[in-house]
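Colleague:
In the UniProt record's numbering, the protein residues as written are 1 to 62.
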């Protein structure tokens, strides 16, 4: 039997970016988070298959 589960992790990128070097972009942070989350899931869910980790970079609500 196969189960599909979506795990949604929401980051406040403006808050995260404010603590980083000003030259780091939202897209760079999003890609780094994507790979980090994917690796954590693969490490801890060894019996599960990680099919897709998607990162969406939205507009700032300033």
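Here a beta-carbon is modelled for each residue, glycine too, at the ideal position from N, C-alpha and C. Given the structure is predicted, the values throughout are model-derived calculations rather than measurements.
Could you give the DSSP three-state label for residue 20: helix, strand or coil?
Modeller: Position 20 of the chain shown, counted from the first residue, corresponds to residue 20. Coil.
Colleague: Excluding the 5 residues flanking residue 24 on each side, which residues of the same chain have their C-beta closer than 8 Å to its C-beta?
Modeller: To locate residue 24, count along the chain shown from 1; it is residue 24. For residue 24, where only same-chain residues beyond five positions count, the Cβ hits under 8 Å are 17.
Colleague: Pull up the distance between the alpha-carbon of residue 28 and that of residue 42, whole angstroms please.
Modeller: The residue you call residue 28 lines up with position 28 of the chain shown. The residue you call residue 42 lines up with position 42 of the chain shown. The alpha-carbon atoms of residue 28 and residue 42 are separated by roughly 21 Å.
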